[in-house]
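K.L.:
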Amino acid sequence: MSEKQISVTGIGNAIIDIIAGVDDRFLDRFNLTKGSMKLICEQEAADLQAKIKVKKVISGGSVANTIAGLAILGNKVAFIGKVKNDDLGNAFEEDLKKLGIIYCTKKAEGDHPPTACCIVLSTPDAARTMNTFLGVAGMLYPEDIDT
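The numbering of the sequence shown is my numbering, which starts it at 911 and goes up by one.
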């Protein structure tokens, strides 16, 4: 029997979700609107990460999440999205591989920005405030794709 063909290849932002529980006072201290999503810079991401107690770190991004769902349903799938060769980038790749997803993108090295992350701040009422740093995710070029 021949090898199963790839059903779907997704191309998107490779983002790691960093989830933490906070209270409303924390949101106020950082001037964050509860339940919102905003893009943040690298320094803002570092500042937030320094002040939270991380509950969970999991690969995310809408395309990667869709590809993960298809993999769980038994499809042979692949994902193309840029990460850096750093802790978050390595975690992203490992999460995909655990699901059997073919990850076919070369990692950024050197002076590139870090892997993208979304710092998800969850309050006791289950509202989620998302702060997304896109990092190296937007620096995907044809030569980065392993074929």
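We treat Cβ as the ideally placed atom computed from N, Cα and C, and that holds for glycine.
Between the alpha carbons of A960 and E954, how many angstroms are there, rounded?
P.N.:
Walking along the sequence shown from the start, residue 960 turns up at place 50. Walking along the sequence shown from the start, residue 954 turns up at place 44. Distance between the alpha carbons of A960 and E954 is about 10 Å.
K.L.:
Can you check whether the CB of P1024 is closer than 9 Å to the CB of G984?
P.N.:
What you label residue 984 is simply residue 74 of the sequence shown in a count that begins at 1. What you label residue 1024 is simply residue 114 of the sequence shown in a count that begins at 1. Not a contact, by the Cβ cut-off of 9 Å.
K.L.:
Taking 7 Å as the limit between beta carbons, can you name the residues of its chain near A981, skipping five residues before and five after?
P.N.:
If you number the sequence shown from 1, residue 981 lands on position 71. Closer than 7 Å at the Cβ level, and outside the excluded window around A981, lie V987, L1009, G1010, I1011.
K.L.:
Closest to D1005 by CA distance: which of G970, A1037, A1018 is it?
P.N.:
Here residue 1005 corresponds to residue number 95 of the sequence shown, with the count starting at 1. Looking at the Cα atoms, G970 is the closest of the given residues.
K.L.:
Could you check the C-alpha separation between G931 and P1034 for me, to the nearest Å?
P.N.:
Numbered from 1 along the sequence shown, position 21 holds the residue referred to as residue 931. Numbered from 1 along the sequence shown, position 124 holds the residue referred to as residue 1034. Between G931 and P1034, the C-alpha separation is close to 8 Å.
K.L.:
Between the alpha carbons of T1015 and I1055, how many angstroms are there, rounded?
P.N.:
Position 105 of the sequence shown, counted from the start, is the residue given in the question as residue 1015. Position 145 of the sequence shown, counted from the start, is the residue given in the question as residue 1055. When rounded, the distance between both Cα atoms is 5 Å.
K.L.:
Which residues in the same chain have their Cβ closer than 8 Å to the Cβ of M911, if we skip the five residues on either side of it in sequence?
P.N.:
Sequence index remark: in the sequence shown, residue 911 carries index 1 (1-based). Residue placement at M911 is poorly supported in this model, since its pLDDT is 44, which falls under 50; the coordinates still yield a value, given next. So no residue of the chain qualifies.
K.L.:
CB-CB under 6 Å to I925, same chain, minus the five flanking residues each way: which ones, in chain order?
P.N.:
Numbered from 1 along the sequence shown, position 15 holds the residue referred to as residue 925. So the list reads G970, G971, A1026, C1028, once near-sequence residues are dropped.
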